[in-house]
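Read through the structure below, which is laid out as structure tokens, and then see the notes.
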Amino acid sequence: MAASPEPNPEEPDTFLVVDDEPVNVMLLEALLTARGFHVLTAASGEEAVERFREHAVDMVLMDILMPGMDGYEATRRIKALDRGGFVPVLFITALSDEQRLAQCIEAGGEDFVTKPINRVQLNAKIDAWLRTRALYRTVAEQRDALQAHQRRLEHEQETAERIVARATASPALEAPGLRYHYRPAAILSGDLLLAEYRPNGSLLILLGDFTGHGIGAAVGVPGLASAYYEAVARGADPAELLDEINERLYRGLPPEVFLTAALIEVDPRRCRVGVWNAGMPPVWLIRDGAVLCRFRSSGLPLGVVRDAGPGRRQLTYYDQPAGCTLYACSDGVVEATDGHGHMYSAEGVEAALTGAPDEAGFTALLERLEAFRAAAEPSDDTTLLELDLDRLLADGGRAAYGAAEAVHWRSEIVLDARTLGHINPVPAIMDMLVALGALEAHRQSLYVVVAELYTNALEHGLLQLDSSVKAGEAGFDDYYERRAQALAALEGGEIRLRLHCDPQGERDHGVVIEVEDSGEGFDYQRLLEGSDPAGRSAAFGRGILLVRSLCDEIEYFPPGNRVRVRYTGGEGR
Amino acid sequence: MAIQTRYEDDGQSLVLSVQGYFDFSLHKDFRQAYKGAEGVRRFVVDLRDTEYMDSSALGMLLLLREFAGDQGGEVILRHCSREVRKILEIANFQRLFQIED
């Protein structure tokens, strides 16, 4: 059954007048036409249904008693054809029997007017029903718009949810020994759980909670997640990582949005677990039903103030946590409420965790929480994390990769004259050092050491350039001009870079860097004796000073074309 | 481009952001970035996106300081990481430059 055609709101309203008496039809038609309405007529119930099907009609004036299909039946059919458009049907009737009149309403009619027709009364009823009809249409339009909007919003939220899920996904969350429960209050959650291994094998887990929930809270998640994974994979140490996240959130989010967070480091190499907590419920370290340590909130949430000063965000470590389980949760857990407005509280969480037998704390807490909430829906995002430290520390999550920093390795790179003219090996060496996990917190210092030693070997050892040329701006340019020329003209010679890394060796620990060039060497004694060869503000001579300050040991070998340094990351000399 | 510039404070400050490796390979670009800056009182070198710097970078900073001094201006090193700060302090640059976090 086709719906009736849509009325056009710009046109005058169209009336369908149905009566088997032509006189009555004419009378009503004249009355309506005089008011500027558009009028269609039908002489029977069947014809009325037909007209209604063909034309957009705004109101129907319907006779009751007609041969064939009567007014009741015609009205029922018209109402069935009218899909939500609301076309009022007014019965025009000579009947005064109340039973019959009630039937008009039952058939779906809106109202009735009795014959003989009183013009004033008819007009008043028409106006009233046209107003009702207009009101109905407005409401219907708003309802449709709202529904469409709702559908679009849900679709967008689902898309956003998929984006967030992909951005935060990490295989490290599936590490054996790591369990989590995650339940958003809305489709999108402000809770955040990220886990990734550092190149040295430590597992870094960030459990965070953006202020608010829903879209506003979730919108910060993907950017943060990608920055987090990038920094951790690069080898950023935890304090550096937190500074970076803080700076990013401070710059990128409006002031009222920030992240409370707990950062947890599981470090198999040193057999310890570290926690930094800012605004989250305590993180519990539990063994045999007793709390060994509560890592309480001690810092400002991330993104609140800009403070990149060193040492502000240090993790607190617990050594040798054998047999321990670590629990962390978002405030949705401790602030869960029952039907009476009571909070579950940190004490409640602690009681559930310590009261349960070993390895059952996670399940016990979730069951108790569920029972406590009873029928009440969670009003905040809920995340619970459990770390079985024995398992996580034992296999380090990924032994082959994770043990990198403990591996003792050495490497030699030999660059001949042709190669030296084309590449700068220092970035590649830095990538290698970072990938192998050598003292990653000291990347910048190691870079200076490697870069200065290499530069010296190349520019002074092989190319025999004189640094004093560098004085002044023109000298600087001149120097690098000469360097390019000398390098292009270089026909023989080579530089050997030897790297040796043993972070745990007793006698030999740290990174040992040895650079040897095939040049003639130089009077290194003079260099070692002089404290500050060129003065503080000269444009040259600073490189070797930096190396000497940063390294624990520096040794030149005759005739001065080979130098070996040891960097341990201590304060140096 | 490894060096990006922008003006702040109605053209009174020139901010030079250095990305990636701050080493000798940038020496021309770095000078180009501030040469011809008229009426600038503060030259800010933003090291937020600097991955590594070496002694030739220190040399370039000194040249900038000389240039700024000739114009009666100063040089500020902004967003120095802990490690970079350590390098600057070994070279005693805290005496020559204003160093900001």
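From first to last, the protein sequence lines are chains W and G. Using the UniProt record's numbering, you'd call the opening residue of the first sequence number 1 and step up by one each time. Using the UniProt record's numbering, you'd call the opening residue of the second sequence number 1 and step up by one each time. Where a beta carbon is used, it is the ideal one built from N, C-alpha and C, also for glycine.
If you reduce the DSSP assignment to three classes, tell me which class Val547 (chain W) lands in. In the structure shown, Val547 (chain W) sits in a helix (DSSP, three-state: H, G or I).
Can you tell me whether Tyr34 (chain G) is buried or exposed, with buried defined as 16 or more other CB within 10 angstroms of its CB? Flag for Tyr34 (chain G) reads buried.
Pick from W:Leu546, W:Glu514, W:Val547 and W:Pro559: whose alpha carbon is nearest that of Gln525 (chain W)? The shortest Cα separation from Gln525 (chain W) among W:Leu546, W:Glu514, W:Val547 and W:Pro559 belongs to W:Pro559.
Scan the segment 25 to 73 of chain W and note each continuous alpha helix (DSSP H) run of 4 residues or more that stays entirely inside, going in chain order. Secondary structure within the segment 25 to 73 of chain W: the alpha helix (DSSP H) runs of 4 or more consecutive residues, fully enclosed, are 45 to 54 (chain order).
Could you tell me the alpha carbon to alpha carbon distance between Val426 (chain W) and Phe22 (chain G), rounded to whole angstroms? Within the model, the alpha-carbon separation for Val426 (chain W) versus Phe22 (chain G) is close to 12 Å.
With burial defined as no fewer than 16 other Cβ atoms inside 10 Å of the residue's Cβ, what is the status of Val49 (chain W): buried or exposed? Buried: at least 16 other Cβ atoms inside 10 Å.
To which residues of the same chain is Gln98 (chain G) closer than 6 Å at the C-beta, ignoring the five residues directly before and after it? Only Ile76 meet the Cβ criterion.
Report the rounded CA-to-CA distance for Ala57 (chain G) versus Val84 (chain G), giving the unit in angstroms. Approximately 11 Å between the Cα atoms of the pair.
Looking at chain G, is there any beta carbon in it that lies within less than 8 Å of the beta carbon of Gln485 (chain W)? By the rule that beta-carbons nearer than 8 Å mark a contact, Gln485 (chain W) does not touch chain G.
Which residues of chain G have a Cβ atom closer than 7 Å to the Cβ of His500 (chain W), listed in chain order? For His500 (chain W), none of the residues of chain G pass the 7 Å Cβ criterion, the least Cβ distance being about 21 Å.
Any C-beta of chain G sitting closer than 8 Å to the C-beta of Ser297 (chain W)? Not one chain G Cβ lies under 8 Å of Ser297 (chain W).
Would you mind listing the beta strand (DSSP E) stretches within the segment 231 to 301 of chain W that are 3+ residues and don't spill past its ends, in chain order? List check, beta strand (DSSP E) in window: 259 to 267, 272 to 278, 283 to 287 and 290 to 295.
Anything in chain B within Cβ reach of Ser468 (chain W), meaning under 9 Å, just list it in chain order. Of the protein chains in this structure, namely W and G, none is chain B.
On the criterion of 16 or more Cβ atoms from any shown chain inside 10 Å, does Gln320 (chain W) qualify as buried, or is it exposed? Exposed is the call here.
Spatial neighbours of Gly11 (chain G) within its chain, please: C-beta separation below 8 Å, excluding the five flanking residues on both sides. Correct list, in chain order: Gly39 and Val40.
Within its chain, find whatever has a CB closer than 7 Å to the CB of Arg95 (chain G); leave out the 5 residues flanking it on each side and keep chain order. Cβ within range, chain order: n/a, list empty.
Taking Leu315 (chain W) as the query, report the chain G residues whose CB atoms sit under 8 Å from its CB, ordered along the chain. Correct list: empty, because the minimum Cβ distance to chain G is about 16 Å.
Buried or exposed for Gly235 (chain W), please, with buried defined as at least 16 other CB atoms from any protein chain shown within 10 angstroms of its CB. Gly235 (chain W) counts as buried, since at least 16 other C-beta atoms from the protein chains shown sit within 10 angstroms of its C-beta.
Could you check where the alpha helix (DSSP H) with Cys104 (chain W) kicks off and where it finishes? Bounds of the alpha helix (DSSP H) holding Cys104 (chain W) are Glu98 to Glu106.
Under 8 Å between C-beta atoms of Asp63 (chain W) and Asp20 (chain W): Yes, they are a contact pair.
Based on the DSSP secondary-structure assignment, which residues constitute the bridge partners of Cys501 (chain W)? Note: Cys501 (chain W) sits in a beta bridge opposite W:Trp409 and W:Val511.
Report yes or no: do three or more beta-carbon pairs, one from the segment 511 to 519 of chain W and one from the segment 445 to 454 of chain W, lie closer than 8 Å? In short, these stretches touch, since the Cβ pair count reaches three.
Option nearest Arg183 (chain W) by Cα separation, candidates W:Pro176, W:Arg564, W:Leu385 and W:Val291: Residue W:Leu385 is the option with its Cα nearest to Arg183 (chain W).
Between Glu555 (chain W) and Asp29 (chain G), what straight-line distance do the alpha-carbon atoms span, to the nearest angstrom? Between the alpha carbons of Glu555 (chain W) and Asp29 (chain G) lies a distance of about 36 Å.
List the residues of chain W whose Cβ lies closer than 7 Å to the Cβ of Tyr34 (chain G), in chain order. Counting only Cβ-Cβ distances below 7 Å, Tyr34 (chain G) has no contacts in chain W at all, with the closest Cβ about 11 Å away.
Simplified DSSP assignment, three categories, for Ile126 (chain W): Collapsing the DSSP output to three states places Ile126 (chain W) in a helix.
Give me the residue from W:Tyr479, W:Ala328, W:Leu28 and W:Cys104 with the minimum Cα distance to Ser297 (chain W). For the set W:Tyr479, W:Ala328, W:Leu28 and W:Cys104, the Cα lying nearest the Cα of Ser297 (chain W) is the one of W:Ala328.
Looking at chain W, is there any beta carbon in it that lies within less than 8 Å of the beta carbon of Tyr21 (chain G)? For Tyr21 (chain G), the answer is yes, since a Cβ of chain W falls inside 8 Å of its Cβ.
Is Tyr7 (chain G) buried or exposed, if buried means 16 or more other CB atoms sit within 10 Å of its CB? Looking at its Cβ environment, which holds fewer than 16 other Cβ atoms inside 10 Å, Tyr7 (chain G) is exposed.
Hey, is Val84 (chain G)'s beta-carbon within less than 8 Å of any beta-carbon in chain W? Judged by the 8 Å Cβ criterion, Val84 (chain G) is in contact with chain W.
Is Phe557 (chain W) buried or exposed, if buried means 16 or more other CB atoms sit within 10 Å of its CB? By the C-beta density criterion, Phe557 (chain W) is exposed, having fewer than 16 other C-beta atoms within 10 angstroms.
Just how far apart, CA to CA, sit Arg77 (chain W) and Leu122 (chain W)? A direct Cα-to-Cα measurement between Arg77 (chain W) and Leu122 (chain W) gives close to 24 Å.
Short check: CB of Val44 (chain G) to CB of Leu16 (chain G), under 8 Å? Cβ distance < 8 Å, so Val44 (chain G) and Leu16 (chain G) count as in contact.
Give me the residue from W:Arg119, W:Ile92, W:Arg100 and W:Leu90 with the minimum Cα distance to Ala34 (chain W). Residue W:Arg119 holds the alpha-carbon nearest to the alpha-carbon of Ala34 (chain W) among W:Arg119, W:Ile92, W:Arg100 and W:Leu90.
Minimum C-alpha distance to Ser81 (chain G) - residue among W:Arg443, W:Val113, W:Arg562 and W:Thr568: The residue among W:Arg443, W:Val113, W:Arg562 and W:Thr568 with its C-alpha nearest the C-alpha of Ser81 (chain G) is W:Arg443.
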